[in-house]
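K.L.:
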Amino acid sequence: MILGYSHITSLLLAINARIQLITFHGAVATSNWNQFTVDYFPRLLFNAEELTMENTSTNEGRRELITPGKAQGRLIGGNLSVVAAMVGSPYLPSWYHSILCLEDIGEDIYRIDRMLTQFKNAGIINQISGWMFRQCTNCQPSDQQSFTFMQILQQHIKPLNIPAWYGPMIGHIKHHKFTIPVGLEVEIDADNGTIKMLESAVI
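By the numbering used here, the letter at position 45 of the sequence shown is numbered 35, and the numbering carries on one by one without gaps.
1) Rounded to the nearest angstrom, what separates R124 and G157 at their Cα positions?
2) Can you tell me whether R64 is buried or exposed? The criterion is at least 16 other CB atoms within 10 Å of its CB, across all chains shown.
3) Quick check: what's the CA-CA separation for Q144 versus E175?
4) If you compare alpha carbons, which of Y100, Y81 and I147 is closest to L90?
5) Residues in its own chain within less than 6 Å of P58 by CB, not counting five upstream and five downstream?
6) Smallest Cα separation from L150: which of I170, Q117 and I160?
7) By DSSP, does M76 sit in helix, in strand, or in coil?
8) According to DSSP, Q62 sits in a beta bridge with which residue or residues?
9) Can you grab the Cα-Cα spacing for the pair S136 / L106, in whole Å?
10) Pull up the distance between the alpha-carbon of Y(-5) and that of I114, whole angstroms please.
11) Tell me, please, whether the stretch 65 to 76 touches the stretch 35 to 55 by the rule of three or more beta-carbon pairs shorter than 8 Å.
12) How about S119 and P83: are their beta carbons less than 9 Å apart?
13) Less than 9 Å between the C-beta atoms of V172 and F31, yes or no?
14) Whose CA, out of I95, T(-1), V72 and F139, lies closest to the CA of D103?
15) Express the C-alpha separation of I95 and A74 in angstroms, rounding to a whole number.
16) For M187, report the span of its beta strand (DSSP E) as first-last.
17) Please name the residue or residues paired with T138 in a DSSP beta bridge.
Written as structure tokens, this is what we have:
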């Protein structure tokens, strides 16, 4: 199943959690299906390739290292606010040794801080082996005294001492997008900003 947009996160994760089916987070009908986006789609879903995904050199592909290193695990995640709302339900996959990959749009910085604190208090981020924050589009401080978005990520993620980086080309961005397999074993390289599939996502 391939679906997109924030509220679809709940369906993608619930399907993976309940029947262990790989789901796909990617572009939808209203997305800009440029050549970059189009290329990844059939290679992943139709050709059964084991891809290594790497950002372009465009401004939209800007990435920032949080903690260096490589990590392996099942790729789990989606829209931050939706995942936070699902914490405590039976519709989330196991977090143990997973790669947590999040994104969001239009959230105040204090709300992102609160949701990441919720993940910590729920014991989620102590189980993961790697972290990516995909994009946070239009996420700005509500006043000049607030921490920046990147400062909040540093405060929550740095102490984990696990490979982590910001900026994979997924989520609420206009143009170049990966389609990613939720629930699949992957390896991330935080230094180089890559996502390497360790198995095919389809048969």
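Quick reminder that beta carbons are idealized off the backbone N, C-alpha and C, glycines included.
P.N.:
Reading off the structure:
1) 5 Å
2) buried
3) 25 Å
4) I147
5) Only A180 and D181 meet the Cβ criterion.
6) Q117
7) helix
8) E177
9) 16 Å
10) No answer about Y(-5) holds up, because its pLDDT of 48 lies below 50 and its placement is not dependable.
11) no
12) no
13) no
14) Distance from the Cα of D103 is smallest, within the candidate group I95, T(-1), V72 and F139, for F139.
15) 14 Å
16) T184 to M187
17) By DSSP's assignment, T138 forms no beta bridge with any residue.
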